[in-house]
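With numbering that gives the first Met the number 0 as the guide, the letters of the sequence shown map in order to residues 0 to 179.
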Amino acid sequence: MEGILLRAAAPPGHAKRLYSCSFRVARQNVARILRPMSMTDLDSGITENLNQRLLSHGVRPTAQRLRIASLLLGRPQHLSAEQVLAGLRNQGMRVSKATIYNTLNLFAASGLIRQLSVGNDRCWFDSNTDAHYHFHDLDTGALMDVSLRDVEFQRLPEPPPGMQVDGIDLVIRLRRKSAA
Ligand SMILES: [Zn+2]
């Protein structure tokens, strides 16, 4: 473990700050994370389920949004916008970066997914919206979930006058042990 980055989550009104994260490439894990899948592979039960999930978050379920949702929401995972784009293009879908970015931001704003800012210049989209922390593997770039019950804070600073803590993000950076 190299170090711990502790950062109070931005209050809802400040969420836009995260949207300015640059659109960086994280290609090395694309093939492993994203299995090619066409929309025709989705059975109607899954499509209906995604439909309901989008609607329940106030998101109008267009065909394109359902495709993006099917890629992201199938299981707990962390994907960059570039990885989502690569996954959709693997499926033969013609889609622009701007569309992906807008859709991911919409999903994040509606609470369907959670946007994470890890390091200085990379945004991740987390399909697990339950409260949790993260390990960050510096060698591969991968993020892994850490349960709240595995972390205990002994001491936290008093928030400034008139402020209250809205949330805590914890990213534990990891690197491989060097051979002794
Ligand atoms: Zn996560």
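Backbone N, C-alpha and C fix where the C-beta goes; we use that ideal spot for every residue, glycine too.
When DSSP states are grouped into helix, strand and coil, Leu-54 belongs to the helix group. Residue nearest to Val-94 within the set Arg-121, Phe-106, Ala-80 is Ala-80 (criterion: CA-CA distance). Ile-99 and Thr-61 have their C-alpha atoms roughly 13 Å apart. Within the same chain, and ignoring the five residues on either side of Arg-52 in sequence, the residues whose Cβ sits closer than 8 Å to its Cβ are Ala-68, Leu-72, Leu-111. The beta carbon of His-135 sits no closer than 7 Å to any heavy atom of ligand 1. In the structure shown, Gln-153 adopts coil according to DSSP, grouped into three states. Nearest neighbour of Gly-118 by Cα position, chosen from Glu-151, Gln-163, Gly-57, His-135, turns out to be His-135.
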